[in-house]
Amino acid sequence: MSALMQEMSERALRLGVPFSAQIDLTYRCNEQCVHCYLDHDDHGEMTTVEIKHLLREMSEAGVFILTFSGGEIFLRKDFFEILEYARALTFCIKLKTNAVLIREAQAARLRDLSVASIQISIYSHRPEVHDAITKVKGSLQRSINAIRFLKSQGLKVIMANVLMTENMQDYGGVRALADELGAEYTLDPTITPKMDGDRTILDLNAGQSALQELFRDEMFVGNAEQFCAPPPPPDADSLASLPCSAGHTACYVSPYGEFYPCVQFPLSCGNVRHERFLDIWRNSEQLKEVRAIRLKDLSGCSECAHGATCTRCPGLAFMEGNMRGPSTADCEKSFARTGIPSVNLLAKKDKASPPRLVQIQIVPAIVGNRLSGIVNQPAL
Amino acid sequence: MTKKMYVARSPRIAARMLGEEMLVMSGQGSTLFTLNPTATILWQAADGSTPLDEIVERRICSEFEVKREEAMRDAEALAGDLAKHGILLISEQPITNPQTPLQEQAKP
Chain A
173 MSALMQEMSE
183 RALRLGVPFS
193 AQIDLTYRCN
203 EQCVHCYLDH
213 DDHGEMTTVE
223 IKHLLREMSE
233 AGVFILTFSG
243 GEIFLRKDFF
253 EILEYARALT
263 FCIKLKTNAV
273 LIREAQAARL
283 RDLSVASIQI
293 SIYSHRPEVH
303 DAITKVKGSL
313 QRSINAIRFL
323 KSQGLKVIMA
333 NVLMTENMQD
343 YGGVRALADE
353 LGAEYTLDPT
363 ITPKMDGDRT
373 ILDLNAGQSA
383 LQELFRDEMF
393 VGNAEQFCAP
403 PPPPDADSLA
413 SLPCSAGHTA
423 CYVSPYGEFY
433 PCVQFPLSCG
443 NVRHERFLDI
453 WRNSEQLKEV
463 RAIRLKDLSG
473 CSECAHGATC
483 TRCPGLAFME
493 GNMRGPSTAD
503 CEKSFARTGI
513 PSVNLLAKKD
523 KASPPRLVQI
533 QIVPAIVGNR
543 LSGIVNQPAL
Chain B
185 MTKKMYVARS
195 PRIAARMLGE
205 EMLVMSGQGS
215 TLFTLNPTAT
225 ILWQAADGST
235 PLDEIVERRI
245 CSEFEVKREE
255 AMRDAEALAG
265 DLAKHGILLI
275 SEQPITNPQT
285 PLQEQAKP
């Protein structure tokens with residue numbers, strides 16, 4: 173994020189403006205990815221008229237960066253009508269798509285509408301791996317073709333590489349493919365639970381050893397020693413900081429009009445079909461609760477050595493049962509990065525272990541010196 | 185006789201008021217600008233059909249204590265600067281389609 177964009181985000185926070193928002197236009201999809209968290213059936217999507225009404229309300233509320241995602245957005249027959257309308261309201265538009273339905277004509281139209289970026293999910297540079305994840309034969313080739321069409325129009329393309337057990341070895345190949353195609357590259361090693369709470373797909377998450385390898389690959393993290401260095405203990409400023417932008421300057425609306433703090437934070441705050449967008453943003457009790465949370469309020473995390481540097485997702489914590497609790501997926505990433513277990517991981521290990529007179533600490537040599545910020549440590 | 189200058193907002197930008205400033209992003213997110221309140225007035229009034237001197241007269245001189253000549257000089261410099269960054273279009277003729285003001289197209 174540029175310095176000016178950072179400054180604008182901070183100003184939006186001070187002014188209470190929803191600076192960025194995501195609308196999922198549909199949950200329907202033409203791919204059936206093994207790790208997807210959505211129910212792809214249509215349970216009554218917002219109509220074109222409802223979406224245009226929402227866009228006007230969002231514009232008036234001050235939303236600047238608007239992401240259209242899904243499901244697969246190009247499955248909506250009115251997609252370009254919605255996009256044109258949004259651009260006429262001068263939103264900065266970002267798209268998330270698998271791009272399978274983008275040909276030359278669609279790419280040219282996206283250029284004419286000055287879309288800021290198009291993020292495309294690519295799981296592997298090898299068709300047999302990518303297509304096995306999407307369960308659509310030929311999908312990698314079609315997505316690559318689309319990237320070429322988009323790049324030929326001068327558009328900004330970001331290849332998003334979600335990592336899981338199936339494709340953990342392929343991120344270098346995807347990165348090289350992005351370079352070859354002139355696309356940017358982003359990587360996410362987190363599989364999230366289904367929106368209905370089903371956690372079985374979490375088995376696809378890359379394990380500790382794979383994460384450790386990834387976090388020491390300097391092609392991705394820069395200086396690995398620095399990236400994996402023990403975190404400084406949280407100071408007073410960190411403890412008073414916000415967990416993330418969800419509900420503070422960012423929000424999410426589902427295809428059915430449900431208003432959440434974030435796409436990964438399924439805490440319903442209202443429905444834009446029944447209430448004004450700005451009324452929900454300003455008055456929702458759920459959003460007020462989310463906004464009240466600071467690092468110092470988080471159970472375990474506030475005493476954790478990783479508190480100030482952890483990528484803790486409040487939405488994942490919510491799905492784990494407590495929006496003021498830890499997100500274990502992020503605890504595991506912090507552990508893989510530094511070798512230092514989080515307070516949450518230590519507590520889980522403690523709980524899972526049978527009662528003993530002497531408990532065994534995970535990596536005691538490191539913990540002994542570096543967990544000075546943690547209280548309630550077992551067996552130190 | 186001095187030629188008229190017409191100005192229009194580029195349809196390729198993204199923009200939103202944030203507090204008292206206008207936030208403007210030019211083509212494909214490559215550059216971000218903030219316009220101060222005076223520049224925001226000029227930019228918002230840039231409908232392609234109102235000459236710059238009229239905008240200055242009606243919107244700038246009426247709201248700020250500034251001499252017309254000085255305001256006009258500043259407005260021309262500002263318009264030129266914004267045009268260089270591709271967020272404003274300048275012409276000696278009224279600017280119509282495809283530079284129709286975007287807000288006009290988004291009525292329900």
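Residue numbers (our numbering), protein chains in the order written: chain A, 173 to 552; chain B, 185 to 292. Each residue gets a CB set at the ideal place from its N, CA and C atoms; glycine is no exception. Note that the structure is a prediction, hence the values are computed from the model and not measured.
With respect to the 7 angstroms criterion, A279 of chain A and F321 of chain A are classified as neighbours on the basis of their beta carbons.
Taking 9 angstroms as the cut-off between beta carbons, the residues of the segment 177 to 188 of chain A near chain B are M177, E179, M180, R183, A184, R186 and L187, in sequence order.
If you check each beta-carbon in the segment 262 to 277 of chain B against every beta-carbon of chain A, none falls closer than 8 angstroms. In the same chain as S381 of chain A, and ignoring 5 residues on each side of it, no C-beta atom comes closer than 8 angstroms to its own. With respect to chain A, the C-beta atom of M256 of chain B has no partner C-beta closer than 7 angstroms.
In the three-state scheme derived from DSSP, where H, G and I count as helix and E and B as strand, L207 of chain B is classed as strand. Against chain B, the CB of S286 of chain A has a partner CB under 7 angstroms away; the residue lies at that interface. Between the alpha carbons of A355 of chain A and K268 of chain A lies a distance of about 14 angstroms. Judged by DSSP in its simplified three-state form, E249 of chain B adopts coil rather than helix or strand.
Any Cβ of chain A closer than 7 angstroms to the Cβ of A230 of chain B would place that residue at the interface, and such an atom is absent. At a cut-off of 7 angstroms between beta carbons, M206 of chain B makes no contact with chain A. A contact is defined here as three or more CB-CB pairs under 8 angstroms, and the segment 458 to 469 of chain A meets this definition with respect to the segment 438 to 449 of chain A. For R448 of chain A, there is no enclosing alpha helix (DSSP H), as DSSP marks it with neither H nor E.
L216 of chain B belongs to the set of residues whose beta carbon lies under 7 angstroms from a beta carbon in chain A.
CA-to-CA, the gap between S210 of chain B and G379 of chain A works out to about 42 angstroms. When secondary structure is reduced to three states using DSSP, V191 of chain B falls in the strand class. Using a CB distance cut-off of 7 angstroms, T364 of chain A does not count as an interface residue toward chain B. Here the C-alpha atom of F252 of chain A lies approximately 33 angstroms from the C-alpha atom of C485 of chain A. Nearest CB-CB separation between F490 of chain A and chain B: not below the 7 angstroms threshold. Judged by beta-carbon spacing, S506 of chain A lies within the 7 angstroms limit of H478 of chain A, meaning their Cβ atoms are closer than that value.
Non-local beta-carbon contacts of V240 of chain B in its own chain, meaning distances under 6 angstroms to residues more than five positions away in sequence, involve A255, M256 and A259 in chain order.
Residue burial annotation: T262 of chain A is buried, with at least 16 other C-beta atoms found within 10 angstroms of its C-beta. Our two residues, Y199 of chain A and T483 of chain A, have alpha carbons roughly 27 angstroms apart in a direct line.
DSSP, read as helix, strand or coil, puts Q291 of chain A in strand. Between the alpha carbons of G419 of chain A and D284 of chain A lies a gap of roughly 32 angstroms. Neighbours of F252 of chain A in chain B, taken as residues whose beta carbon is under 9 angstroms from its own, are absent, since the nearest beta carbon is some 14 angstroms off. Of all alpha-carbon atoms in A:C423, A:H446, A:F449 and A:G472, the one lying nearest the alpha-carbon of V462 of chain A is that of A:C423. For F399 of chain A, the three-state secondary structure derived from DSSP is helix.
Counted as a single uninterrupted DSSP element, the alpha helix (DSSP H) harbouring Y257 of chain A occupies residues F251 to A260.
Taken atom to atom, the span from the alpha-carbon of G326 of chain A to that of N317 of chain A is near 15 angstroms. At a cut-off of 7 angstroms, the C-beta of M209 of chain B has a neighbouring C-beta in chain A.
Interface flag for C423 of chain A against chain B is unset, since no Cβ pair is found closer than 7 angstroms. By the Cβ-count criterion, D342 of chain A is buried, with 16 or more other Cβ atoms from all chains shown falling within 10 Å of its own Cβ. Pairing V425 of chain A with I195 of chain A gives a Cβ-Cβ distance under 7 angstroms.
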